[in-house]
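Engineer:
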Amino acid sequence: MTVALHPKDQTIRSVLESGARKHPDRAFALFPETGYRSTWAEMAFAAQSTAARLTALGLAPGEAVGVLAPNSKTTLELFLGSMFGGFIVTIFNPLAGQAQLNYVVNHSEVRVLFVSDDHLELGSSAAEACSRVITLIHNDPPDWPVEASKQALHEPCPDDAALLIYTSGTTGLPKGVLHSHASLLAGGANTANAHQLTVDDRALCVLSLCHINGQVVTVMAPLVSGSSVVMPSRFSASQFWNWVADYGCTWFSAVPTILSYLVQGDELDSSPGKRFSRLRFGRSASAPLPPALLESFVTRFQIPIVETMGITETAAQILSNPLDPARQQVGSTGIPWGNAVRIANDSGVVLDTGQEGEIQVQGPNVMLGYFKNETVTRESFTSDNWYRTGDLGWMNEDGYFFVTGRRKEFIIKGGENISPREIDDVLYSHPAVLEAAAVAVPDSNYGQEIAACVVAKPGASVTIDELQAFCAVRLGVYKSPAMIRFLQQLPKGPSGKIQRLQLVEHFTQAKQTSTSS
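Residue numbering for the sequence shown follows the numbering used here, starting at 22 and increasing by one per position.
#1: Where does I109 land, buried or exposed, given buried means 16+ other C-beta within 10 angstroms?
#2: In whole angstroms, what separates the C-alpha of F273 from that of R255?
#3: So, with DSSP's three-state summary, where would you put G390?
#4: From the DSSP secondary-structure annotation, give me the bridge partner or partners of I158.
#5: If G269 sits next to A242, beta carbons under 8 Å apart, how far is it from one beta carbon to the other, in whole angstroms?
#6: Since I444 contacts A473 with CB under 8 Å, what's their CB separation in whole angstroms?
#7: Taking its Cβ as the centre, do 16 or more other Cβ atoms sit within 10 Å of A347, making it buried, or is it exposed?
#8: Put V382 into one of helix, strand or coil per three-state DSSP.
#9: Ordered along the chain, which non-local residues of its own chain (more than five positions away) have a Cβ less than 8 Å from that of I324?
#10: So, for A77: in the same chain, excluding its five sequence neighbours on each side, which residues have a beta-carbon less than 8 Å away from its beta-carbon?
#11: At what residue ranges does the stretch 279-334 contain a whole run of the alpha helix (DSSP H), taking only runs of 4 or more?
#12: Let me make sure I understand the geometry here. Which of S501, A493, A453, V494 has the alpha-carbon closest to that of G479?
#13: Taking only the alpha-carbon atoms, compute the straight-line gap between S281 and H175 and give it to the nearest angstrom.
#14: Roughly how far, in whole angstroms, is the beta-carbon of L199 from the beta-carbon of L185, given that I think they are within contact range, below 8 Å?
#15: Are A19 and E130 closer than 7 Å when you measure CB to CB?
#16: Just to confirm my understanding: we take S145, look at its own chain, exclude 5 residues before and 5 after, and list those with CB closer than 8 Å. What are they?
#17: Between which two residues does the beta strand (DSSP E) containing K434 stretch?
#18: Check for me: the alpha helix (DSSP H) holding S146 runs from which residue to which?
#19: May I ask which residues mark the beginning and end of the alpha helix (DSSP H) holding T111?
#20: What residue range is occupied by the uninterrupted beta strand (DSSP E) comprising N438?
#21: Would you say K171 reaches chain C, if we count a Cβ-Cβ gap shorter than 7 Å as a contact?
#22: Measure how close the beta-carbons of Y421 and G355 come, nearest whole angstrom, since I'm counting them as under 8 Å.
#23: What do you get for F423, buried or exposed, if any count of 16 or more other CB atoms within 10 angstroms of its CB means buried?
#24: Identify, in the order they occur along the chain, each residue of the same chain with its Cβ nearer than 6 Å to the Cβ of P311, setting aside the five sequence neighbours on each side.
#25: First and last residue of the beta strand (DSSP E) that includes C226?
#26: Cα separation between G106 and A68?
What follows is the structure, encoded as structure tokens:
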């Protein structure tokens, strides 16, 4: 029987210490590449030791600690240990690019940056470009320049800031999202309750700890449920099923891109029912899950996939379909878990079922605000304190929500709003398409025109004309892409979310090249 989890008045430190006392020898984190197994007691001790060394470095409670490294035992210890000691942890995204990394490192006010060997050049350049002196420390294992402090550690409070995480900055400069201990634990509880996690569950974390999904869904949810997590350094299609089988994983969190790679892969030859008797479900998040991809995955592997919705500002999950496949609604991101969700118009009027508007959220998992940006923080909340997600959608009579797209990503062709997701879903349903993304490009006649980038499945053959004809039958000519380009891969953020802005730049550059020639 699953008991609903409500970790109120708790901190990351208190939950970790409580688990270490209750079940010290139970596995908390397992690392496939090294074979290392960290128990709850060992992780609590490592977090305490990390906090003591950060204190010895002269960092004050509430000060940010920077990390630029892939998932590893050390990265997880820095993540939990920083918060354990009352510091704010910020794990930077190495895929953001040097210019953006320079900005977020400087903006975060970190004075200490833990860097792995493979990101040393990025980290060094960011430190050199910073307006203050930054101490670089080797990450794995950490080359601590000091011994652990003997003084008593600062005891954080539930409402203290614990995490600083930057948005992808696809429509401007990245924003620093501040989460408290309470909001992170609430996000973890929302996940644990929605998926009925127990102490016997084991998550597979293949998403980076620089992303809210990795941080909350596959670390905080095991933390509040007293369970465990398997954490490789990064996703690998060739090793994914081995990790699930060898470590007895009961669930995993992925993004549609990962599910697509797994469907197309040939690594799994035998029946998953025989090899993965403990695997209960997989969850999809961070980007819309095309119905065709969902059907392909479930048909091939016979593993239930739960579609969810979560964003950085709400400590990941706000909506989730039920675990019971009979209660799931294809195309929906589900129902609220642990928070309230509504659909409202620009004037703040709550809309009736079936009407499209902005998805707004209220609950204990919502962020404290944007770091050093009171104006944007204020603009992001309604007068009655609902967070404005910027996502558009609608709710049906059963209370299930359907996301139609990002307000900033909508294509406005001749005055008509067209959702990129509608076009994406049609392209994904073509048997030769592995990935697809529609974007708006400038047009002298319509203001904006529809363009799409497509990645073909390995060995598949399809032409632009064939895809355009396929879309015209299902969408009509007006909503079909006027331009389609084939790419080897689509640009993505750390969560696997497609970076549409970069695709727009690709079309703009191609148009400029064509004009100049």
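Just so you know, even glycine gets a beta-carbon here, dropped at the ideal spot from N, CA and C.
Structural biologist: Based on what the coordinates show:
#1: Translated into positions along the sequence shown, residue 109 becomes position 88. So I109 ends up on the buried side.
#2: Along the sequence shown, one-based indexing puts residue 273 at 252. Along the sequence shown, one-based indexing puts residue 255 at 234. Taking the straight line joining both Cα atoms gives about 13 Å.
#3: By 1-based counting over the sequence shown, the position of residue 390 is 369. Reduced to three states, the DSSP call for G390 is strand.
#4: Reading the sequence shown from its first residue, position 137 is the one you call residue 158. For I158, which the question treats as bridged, DSSP gives the partners F135.
#5: Along the sequence shown, read from residue 1 onward, the residue named residue 269 stands at position 248. Along the sequence shown, read from residue 1 onward, the residue named residue 242 stands at position 221. Not a contact, Cβ separation roughly 17 Å.
#6: Sequence index remark: in the sequence shown, residue 444 carries index 423 (1-based). Sequence index remark: in the sequence shown, residue 473 carries index 452 (1-based). At roughly 6 Å, the Cβ-Cβ gap stays under 8 Å, so I444 and A473 are in contact.
#7: Translated into positions along the sequence shown, residue 347 becomes position 326. When all chains shown are included, A347 counts as exposed.
#8: Numbered from 1 along the sequence shown, position 361 holds the residue referred to as residue 382. Three-state result, V382: strand.
#9: As a working mapping, residue 324 is identified with position 303 in the sequence shown. Around I324: P293, F297, L300, F302, G303, F318.
#10: Taking the sequence shown and counting its residues from 1, the one referred to as residue 77 is at position 56. V167, E168, A169, S170, listed in sequence order.
#11: 293-296, 312-322
#12: Taking the sequence shown and counting its residues from 1, one reaches residue 479 at position 458. Per the sequence shown, the amino acid found at residue 479 is Pro instead of Gly. Ranking S501, A493, A453, V494 by Cα distance to P479 puts A453 first.
#13: Position 260 of the sequence shown holds residue 281. Position 154 of the sequence shown holds residue 175. Cα-Cα distance, rounded: 45 Å.
#14: The residue labelled residue 199 in the question sits at position 178 within the sequence shown. The residue labelled residue 185 in the question sits at position 164 within the sequence shown. L199 to L185, Cβ: 6 Å. Contact.
#15: Only positions 22 to 538 of the chain appear in the structure, and residue 19 is not among them; the question remains open.
#16: Taking the sequence shown and counting its residues from 1, one reaches residue 145 at position 124. Closer than 8 Å at Cβ, skipping near neighbours: V136, L157.
#17: What you label residue 434 is simply residue 413 of the sequence shown in a count that begins at 1. Its beta strand (DSSP E) spans residues 432-434.
#18: What you label residue 146 is simply residue 125 of the sequence shown in a count that begins at 1. 141-149 is the extent of the alpha helix (DSSP H) around S146.
#19: On the sequence shown, residue 111 is found 90 positions in, with the first residue counted as 1. Note, T111: premise wrong, no alpha helix (DSSP H); beta strand (DSSP E) at 109-112.
#20: As a first step, residue 438 is located in the sequence shown; it is residue number 417 there, counting from the start. Counting along the chain, the beta strand (DSSP E) containing N438 begins and ends at 437-439.
#21: No chain C is part of this structure, which consists of one protein chain only.
#22: Within the sequence shown, residue 421 is the residue found at index 400, counting from 1. Within the sequence shown, residue 355 is the residue found at index 334, counting from 1. Going by Cβ atoms, the distance from Y421 to G355 rounds to 6 Å, so yes, they are a contact pair.
#23: To locate residue 423, count along the sequence shown from 1; it is residue 402. Counting Cβ neighbours within 10 Å, F423 comes out buried, since at least 16 surround it.
#24: Reading the sequence shown from its first residue, position 290 is the one you call residue 311. Around P311: D446, Y449.
#25: Within the sequence shown, numbered from 1, the residue matching residue 226 stands at position 205. Start and end: 223-226.
#26: Walking along the sequence shown from the start, residue 106 turns up at place 85. Walking along the sequence shown from the start, residue 68 turns up at place 47. For G106 and A68, the distance between alpha carbons rounds to 8 Å.
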